[in-house]
Every structure is written in C-alpha cells, then in structure tokens.
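*Asks:* Numbering (numbering that gives the first Met the number 0), first residue to last: 0 to 211.
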Amino acid sequence: MAVYNHDVELDEFFSINLHSLLKLSLTKVWINDHAVRKLVASCPLIDDISLDRCSGFKNIDAVGGLLQLKKIQICLYLDLVDGVEIESCPESSHFLFSLRSEQHILKVDTCQSLKSLHPSSSFVTDLLFQHFASKFPVLESLTISECRKSKQMKISRWSLESWEISSCINIVDIEIDTPNLFTCNYHGFAVLHHVNGNLNLTCFTPSTFFGS
C-alpha cells in the first residue's frame, strides 16, 4: 500500500484493518507516534516499510515490533524527530536503512543481523562511521552517500561483499580490509590501490573497481 499526499494526517483516531499487509509506503504524510504504534499493531506482517519526508512523529521505535521486518527506508529532510530506534530485526534478514538528516538520531546498534546499511546524511562523522562499522558482524552490503562530515574511513569486515561510496566530497583517505569483497564502487576523486587483498583509496582521481 502506498500513500502520497500532503493533506493526509494519521493520528491516534484513525483506524486500519490490513492484517495481511506486507509493504507500506508513506510519502509526505503527517503521522504521529500513536499512529505508528497502531500501524504496527494492526499490520504485524509488514516486511517492507518506507517513510519518505513524513512528519508528525518524534520517535518511531515502535517499528521494531514488526517481527517480519526485512527492509526499512526512512528519508528525513527536516529535523522533525527526536530519534529513530530499531531494537531488533529478524535473523538472516536483508535489512536496508537509508536516512537523511542533519542530526545523529539513528539507533540500530542492537540489530546484530543487519545485512545491508545505507547511511545517507551529513550527520555521519568519522567516529560515528567507525561506530557503525563495528556493530554489525554479518553486514554484507554497505552504501555511503552524502556524508560530508567524513574525512577518513576505515572498513574492516570479513562479511562485506558489496561496498559503495558516492557524493562524500570531503573524504581524503579510505582504507578497506575486506577479503571477501566482490563489488566495490567509488564515485569521487580518489586513486584506487589494490594491496594484499585490501583496497586503499587516498587521493583524487575518478575510479571504480570490480574485484573478487
């Protein structure tokens, strides 16, 4: 189900009866915290949810109650929420998270089974990126975009198979230690070096790498 409308408001008084709903996409919809909790309770089988430029809620930790959740995408262009917290996600699931916000409001530390992560926001600093990279032991796919506060990135992850960086204009040094990496795409201005199975990007020349 997809809803796209500036005039739609979902509050604690709305009702929904879609017990078998698997995919929900809300774009530019006003929805408060009570409505988020009601959606989770009324549609427990949702495995794919997207909140694109929605407003009205302050914290959506309730979506962690969706036990079948495999993919979540949250795009916030205005800092209208206090926090985005996902307490758990199903084992062996493919879980995507995309976020655009100026503040550090993302909390997914306890999602140990996270397979795919896409931080897209200027809030990602060097230290915060290291924090992300160390939290997900089975992470297979990492896409980083528009992280303009980051200057250095060091990624060491045996499980990582796919990696991409784009529009991170201030990065000057990237070090990759990922022996099982299959695909690597870098969109920027760095020279790519392939040393002992590691990828080390240090200066500014357009480059793209595909390896095994």
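Built from N, CA and C at the ideal position, the CB exists for glycine as well.
Starting from the Cα of SER115, find the closest Cα among LYS153, ILE30 and SER158 and give me that residue.
*Replies:* SER158
*Asks:* Skipping 5 residues on each side, what residues in its chain have a beta carbon closer than 6 Å to that of SER14?
*Replies:* none
*Asks:* Look up LEU17 in the DSSP assignment and say whether it is helix, strand or coil.
*Replies:* Coil, per DSSP.
*Asks:* Which residues in the same chain as SER91 place their Cβ atom closer than 7 Å to its Cβ, once the five residues preceding and following it in sequence are excluded?
*Replies:* Note that SER91 has pLDDT 46, beneath the 50 cutoff, so the model's placement of it is unreliable and no number is given.
*Asks:* Report the three-state DSSP secondary structure of SER91 (helix, strand or coil).
*Replies:* Because the pLDDT of SER91 is 46, which lies under 50, any placement of that residue in the model is unreliable, and the question is left without a value.
*Asks:* Excluding sequence positions up to five away, which residues of its chain have a Cβ less than 6 Å from the Cβ of SER165?
*Replies:* SER144 and HIS186
*Asks:* Which value, in whole angstroms, describes the spacing of the CA atoms of LYS22 and ALA1?
*Replies:* 8 Å
*Asks:* With a cut-off of 8 Å on the beta carbons, I'd call ASP47 and LYS70 a contact; round off their distance for me.
*Replies:* 5 Å
*Asks:* Do GLN72 and SER41 have their C-beta atoms within less than 7 Å of each other?
*Replies:* no
*Asks:* In angstroms with no decimal places, state the Cα-to-Cα distance between ASN58 and ILE168.
*Replies:* 30 Å
*Asks:* For the alpha helix (DSSP H) holding LYS37, just list the boundary residues, first then last.
*Replies:* 32 to 41
*Asks:* Identify every residue that forms a DSSP beta bridge with LYS70.
*Replies:* ASP47
*Asks:* Using the Cβ count rule (16 or more neighbours within 10 Å means buried), how would you classify PHE135?
*Replies:* By the neighbour-count definition (other C-beta atoms within 10 Å, threshold 16), PHE135 is a buried residue.
*Asks:* Quick check: what's the CA-CA separation for VAL35 versus GLU174?
*Replies:* Those two C-alpha atoms are separated by around 40 Å.
*Asks:* Check whether the Cβ atoms of SER133 and SER161 sit closer than 7 Å, and answer yes or no.
*Replies:* No.
*Asks:* Which residues in the same chain have their Cβ closer than 8 Å to the Cβ of LYS150, if we skip the five residues on either side of it in sequence?
*Replies:* ASP125, ASN169, ILE170, VAL171 and ASP172
*Asks:* May I ask which residues mark the beginning and end of the beta strand (DSSP E) holding PRO178?
*Replies:* Run containing PRO178: none; DSSP gives neither H nor E here.
*Asks:* Name the residue from LYS27, CYS183, ASN184 and PRO178 whose alpha carbon lies nearest to the alpha carbon of SER54.
*Replies:* LYS27
*Asks:* My output table needs one value for VAL62: the three-state DSSP class, helix, strand or coil.
*Replies:* helix
*Asks:* Alpha carbon to alpha carbon, what distance is there between PRO43 and ASP32?
*Replies:* In a straight line, the C-alpha of ASP32 is about 17 Å away from that of PRO43.
*Asks:* My output table needs one value for SER158: the three-state DSSP class, helix, strand or coil.
*Replies:* DSSP places SER158 in the coil class of the three-state scheme, outside both helix and strand.
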